[in-house]
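Protein sequence lines, in the order shown, are assigned to chains H and Y. Start counting the first sequence at 1; every next residue gets the next number (this note's numbering). Start counting the second sequence at 118; every next residue gets the next number (this note's numbering). Before any comments, here is the structure.
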Amino acid sequence: KAGVTQTPRYLIKTRGQQVTLSCSPISGHRSVSWYQQTPGQGLQFLFEYFSETQRNKGNFPGRFSGRQFSNSRSEMNVSTLELGDSALYLCASSFGLAGGTPSYEQYFGPGTRLTVT
Amino acid sequence: KNEVEQSPQNLTAQEGEFITINCSYSVGISALHWLQQHPGGGIVSLFMLSSGKKKHGRLIATINIQEKHSSLHITASHPRDSAVYICAVRSTNTGNQFYFGTGTSLTVIP
Chain H
1 KAGVTQTPRY
11 LIKTRGQQVT
21 LSCSPISGHR
31 SVSWYQQTPG
41 QGLQFLFEYF
51 SETQRNKGNF
61 PGRFSGRQFS
71 NSRSEMNVST
81 LELGDSALYL
91 CASSFGLAGG
101 TPSYEQYFGP
111 GTRLTVT
Chain Y
118 KNEVEQSPQN
128 LTAQEGEFIT
138 INCSYSVGIS
148 ALHWLQQHPG
158 GGIVSLFMLS
168 SGKKKHGRLI
178 ATINIQEKHS
188 SLHITASHPR
198 DSAVYICAVR
208 STNTGNQFYF
218 GTGTSLTVIP
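This is the structure:
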């Protein structure tokens, strides 16, 4: 079974631009979560989608948004990019809602490394 | 205030040594996860725990819900175990947020 795929793997953008990252979950998985990893803040939770609805959200400004399609693929968008948005963006998929009871195991993609100049 | 605290931050061990990484958390949780991240960024989920103990090969993870503490043990460590190990908890508070520890960087010397 194919793993979680993320595209693109690397991206360079300029301050003020916007960016869209894509995540394809493992076949049969209905939940996709997004995370940001920076050297200073470590891993931080962005949001989780399940059945095309955002179910959980971390403490990020509204410039960070996402959506999930009917085939469970997900996109994440960051508008008006800032230098501090430079990070590794990871998505993870799970069969059920990872942020619920019970909690389902997550499988991580390789990440998209975003550099904002 | 960090919801998840890990120790130690860095750990160097000789091949074959028994290793313990500790994780303490301050929020109510539905599950605790141990993650492994190798250089280059890829993250692998090692364990997901809500109670008791789990074992997979040379890795053992335990959790004490009352004390809000978990440990990851590696028996007979090997250089290929060198990685960053991250403890993460799924909170039952504040919208089911996922909180992460800062990670333990492990180096196993042959």
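Idealized CB from N, CA, C, for every residue including glycine.
Partner residues on chain H for residue i, Cβ-Cβ distance less than 9 Å
| i | result |
| --- | --- |
| Q214 (chain Y) | F45, N56, K57, G58, N59, G99 |
Partners in chain Y for residue i, counting only beta-carbon separations shorter than 7 Å
| i | result |
| --- | --- |
| E105 (chain H) | S162, M165 |
| G111 (chain H) | G158 |
| F64 (chain H) | Within chain Y, no residue comes near F64 (chain H); the closest Cβ sits about 14 Å away, beyond 7 Å. |
Member of the options whose CA lies at the smallest distance from the CA of residue i
| i | options | result |
| --- | --- | --- |
| T118 (chain H) | H:N59, H:P61, H:I12 | This structure cannot speak to residue 118 (chain H), because chain H is shown only from 1 to 117. |
| R73 (chain H) | H:Q17, H:T53, H:Y104 | H:T53 |
| S79 (chain H) | H:G16, H:L43, H:S93, H:C23 | H:G16 |
| Q44 (chain H) | Y:S167, Y:R197, Y:K172, Y:E120 | Y:E120 |
| L90 (chain H) | H:I26, H:N59, H:Q37 | H:Q37 |
| R207 (chain Y) | H:Q6, H:A2, H:Q41, H:E105 | H:E105 |
| G257 (chain Y) | Y:E184, Y:N213, Y:F215 | Residue 257 (chain Y) cannot be examined here, being either before or after the span of chain Y that is shown, 118 to 227. |
| I177 (chain Y) | Y:L152, Y:T219, Y:P156 | Y:L152 |
| I146 (chain Y) | Y:P227, Y:A205, Y:S222 | Y:A205 |
| G157 (chain Y) | H:L97, H:L88, H:R55 | H:L88 |
| S27 (chain H) | H:N71, H:E75, H:L81, H:L97 | H:N71 |
Supposed contact pair residue j and residue i - C-beta distance, whole angstroms, cut 8 Å
| i | j | result |
| --- | --- | --- |
| S199 (chain Y) | V161 (chain Y) | Between V161 (chain Y) and S199 (chain Y) the Cβ distance is about 14 Å, and since that is not below 8 Å, they are no contact. |
| S65 (chain H) | N77 (chain H) | 5 Å |
| A92 (chain H) | F108 (chain H) | 5 Å |
| L114 (chain H) | V19 (chain H) | 6 Å |
| G140 (chain Y) | S187 (chain Y) | Contrary to the premise, residue 140 (chain Y) reads as Cys rather than Gly in this sequence. Yes, they are in contact, since the Cβ atoms of C140 (chain Y) and S187 (chain Y) sit about 5 Å apart, within 8 Å. |
| V144 (chain Y) | N210 (chain Y) | 5 Å |
| G154 (chain Y) | G218 (chain Y) | The sequence given here places Gln at residue 154 (chain Y); Gly does not occur at that position. No, Q154 (chain Y) and G218 (chain Y) are not in contact; Cβ-Cβ is about 12 Å, not under 8 Å. |
| Y202 (chain Y) | G220 (chain Y) | 7 Å |
Within 7 Å, strictly: CB atoms of residue i and residue j
| i | j | result |
| --- | --- | --- |
| K57 (chain H) | F47 (chain H) | yes |
| T192 (chain Y) | F135 (chain Y) | yes |
| H190 (chain Y) | T129 (chain Y) | no |
| P110 (chain H) | G159 (chain Y) | yes |
| L163 (chain Y) | L149 (chain Y) | no |
| T7 (chain H) | S22 (chain H) | yes |
Residue i: contacting residues in chain H (beta-carbon distance under 8 Å)
| i | result |
| --- | --- |
| T219 (chain Y) | G42 |
Amino acids of chain Y, ordered along the chain, whose beta-carbon sits closer than 9 Å to that of residue i
| i | result |
| --- | --- |
| P8 (chain H) | The contacting residues do not exist; P8 (chain H) stays about 14 Å from chain Y at best. |
Residues that residue i contacts on chain Y, provided the C-beta gap is smaller than 8 Å
| i | result |
| --- | --- |
| F50 (chain H) | Correct list: empty, because the minimum Cβ distance to chain Y is about 11 Å. |
If the cut-off is 8 Å on Cβ atoms, which residues from the region 191 to 210 of chain Y count as contacting chain H, listed in chain order?
I203, A205, R207, T209
Pull out every residue of the region 77 to 94 of chain H whose Cβ sits closer than 9 Å to any Cβ of chain Y, in chain order.
Within the region 77 to 94 of chain H, the residues whose Cβ lies closer than 9 Å to some Cβ of chain Y are L88, L90, A92, listed in chain order.
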